[in-house]
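To start, the structure under review is shown below, and the notes come after it.
In my numbering, the protein residues as written are 92 to 162.
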């Protein structure tokens, strides 16, 4: 994702988020799809998480150090 710019950066993420089809309708981020509102809410949460990452981790260990589990 990092190597793309503009809307290209989120194309793969958006596809993964909306491609799930459940028997009770579309879901995005584990919640029922509510149109653009759902998409913006979910992407803003993803953005918040990405912005907490320190540096440019490439290995599992680097990811664990750069984005520790917070809870």
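Heads up, the beta-carbon is just placed ideally off N, CA and C, and yes, glycines get one too.
DSSP places residue 161 in the coil class of the three-state scheme, outside both helix and strand. For residue 145, no alpha helix (DSSP H) segment is defined, and its DSSP state is neither H nor E.
Taking C-alpha positions only, residue 153 is separated from residue 160 by approximately 13 Å. Rounded to the nearest whole angstrom, the C-alpha separation of residue 151 and residue 134 is 23 Å.
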